[in-house]
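K.L.:
Structure incoming, see below.
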Amino acid sequence: QKEVEQNSGPLSVPEGAIASLNCTYSDRGSQSFFWYRQYSGKSPELIMSIYSNGDKEDGRFTAQLNKASQYVSLLIRDSQPSDSATYLCAVNSNQFYFGTGTSLTVIP
Amino acid sequence: GAVVSQHPSRVICKSGTSVKIECRSLDFQATTMFWYRQFPKQSLMLMATSNEGSKATYEQGVEKDKFLINHASLTLSTLTVTSAHPEDSSFYICSARDGRSEAQYFGPGTRLLVL
Numbered sequence: 001q002k003e004v005e006q007n008s009g010p011l012s013v014p015e016g017a018i019a020s021l022n023c024t025y026s027d028r029g030s031q032s033f034f035w036y037r038q039y040s041g042k043s044p045e046l047i048m049s050i051y052s053n054g055d056k057e058d059g060r061f062t063a064q065l066n067k068a069s070q071y072v073s074l075l076i077r078d079s080q081p082s083d084s085a086t087y088l089c090a091v092n093s094n095q096f097y098f099g100t101g102t103s104l105t106v107i108p
Numbered sequence: 109g110a111v112v113s114q115h116p117s118r119v120i121c122k123s124g125t126s127v128k129i130e131c132r133s134l135d136f137q138a139t140t141m142f143w144y145r146q147f148p149k150q151s152l153m154l155m156a157t158s159n160e161g162s163k164a165t166y167e168q169g170v171e172k173d174k175f176l177i178n179h180a181s182l183t184l185s186t187l188t189v190t191s192a193h194p195e196d197s198s199f200y201i202c203s204a205r206d207g208r209s210e211a212q213y214f215g216p217g218t219r220l221l222v223l
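So the protein lines, in turn, are chains A and B. Numbering follows the working numbering, with no gaps: position 97 of the first sequence is 97. Remember, the working numbering sits 108 above the position in the second sequence when you count from 1.
Shown next, in the form of structure tokens:
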């Protein structure tokens with residue numbers, strides 16, 4: 001079992017819709033969780049971090065963490081074509097683990 | 109926000125030469141830095157973890173004598189690809205861990221092409 005699992009997609013949503021990206025992790029002792037966005041040909045960029053159960057909102061982005069279910073998600077409201085990218089989930093337990101990423105395409 | 113720089117952004121070299129890539133954390137001290145490689149349309153692959161003042165820890169399958177890592181200060185780590193060959197052509201990305209937030213911040217990457 002991988003430490004961090006994501007659906008590789010591709011996920012396509014129409015412009016203005018909500019994009020929902022999901023991630024599960026295996027280490028119940030994990031303490032910090034991150035979402036990165038990577039545009040094609042560029043390096044990853046940190047967009048959200050979350051450390052406690054519940055929701056954390058930053059602009060159009062909401063990260064949701066459920067430690068009991070070992071599940072972390074990212075919601076993107078009012079999706080824009082510029083949100084089209086690969087989204088990487090990362091979990092920090094004893095080591096830092098990345099998922100393989102979910103490719104998101106926002107269709108104008 | 110935390111900024112990590114990487115230099116050079118792009119390098120083309122002949123087979124057999126060595127290439128040095130620098131990674132700097134500009135506004136925070138990074139006790140731990142990471143080096144990744146990414147081939148087109150593939151996931152990030154961790155090559156090594158570098159701790160300031162100590163030897164790097166290499167992932168399985170990564171040749172430590174070929175990919176030399178030096179982390180001499182809390183803001184600088186270097187990766188040297190020795191005797192580069194065409195199969196070493198890739199996108200090399202460093203990251204630095206911010207001890208306060210535990211997040212990794214990535215440099216912009218170095219695109220290496222070995223002819």
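Glycine included, every Cβ here is placed at the ideal spot set by N, Cα and C.
I need the straight-line Cα distance from residue 17 (chain A) to residue 79 (chain A), nearest angstrom please.
P.N.:
In a straight line, the C-alpha of residue 17 (chain A) is about 5 Å away from that of residue 79 (chain A).
K.L.:
Quick check: the Cα distance between residue 13 (chain A) and residue 68 (chain A), rounded to an integer number of angstroms?
P.N.:
Distance between the alpha carbons of residue 13 (chain A) and residue 68 (chain A) is about 29 Å.
K.L.:
Which one or two residues does DSSP pair with residue 129 (chain B) in a beta bridge?
P.N.:
According to DSSP, residue 129 (chain B) bridges with B:187.
K.L.:
Among residues of its own chain, excluding the 5 on either side of residue 96 (chain A), which ones have a beta-carbon nearer than 7 Å to its beta-carbon?
P.N.:
Contacts found: 90.
K.L.:
Can a CB atom of chain B be found closer than 8 Å to the CB of residue 10 (chain A)?
P.N.:
Output row for residue 10 (chain A): interface = no.
K.L.:
Can you pull the chain A neighbours of residue 213 (chain B), defined as C-beta to C-beta under 7 Å?
P.N.:
By Cβ distance, chain A contributes 46.
K.L.:
8 Å is my cut-off, CB to CB: does residue 92 (chain A) come that close to chain B?
P.N.:
Taking Cβ atoms only, chain B reaches closer than 8 Å to residue 92 (chain A), which makes this a yes.
K.L.:
Thinking C-beta only, is residue 158 (chain B) closer than 8 Å to residue 185 (chain B)?
P.N.:
Cβ atoms of residue 185 (chain B) and residue 158 (chain B): closer than 8 Å.
K.L.:
What residues in the segment 93–107 of chain A have a beta carbon less than 8 Å from any beta carbon of chain B?
P.N.:
For the segment 93–107 of chain A, which is checked against every Cβ of chain B, the residues closer than 8 Å are 96, 98, 100, 101.
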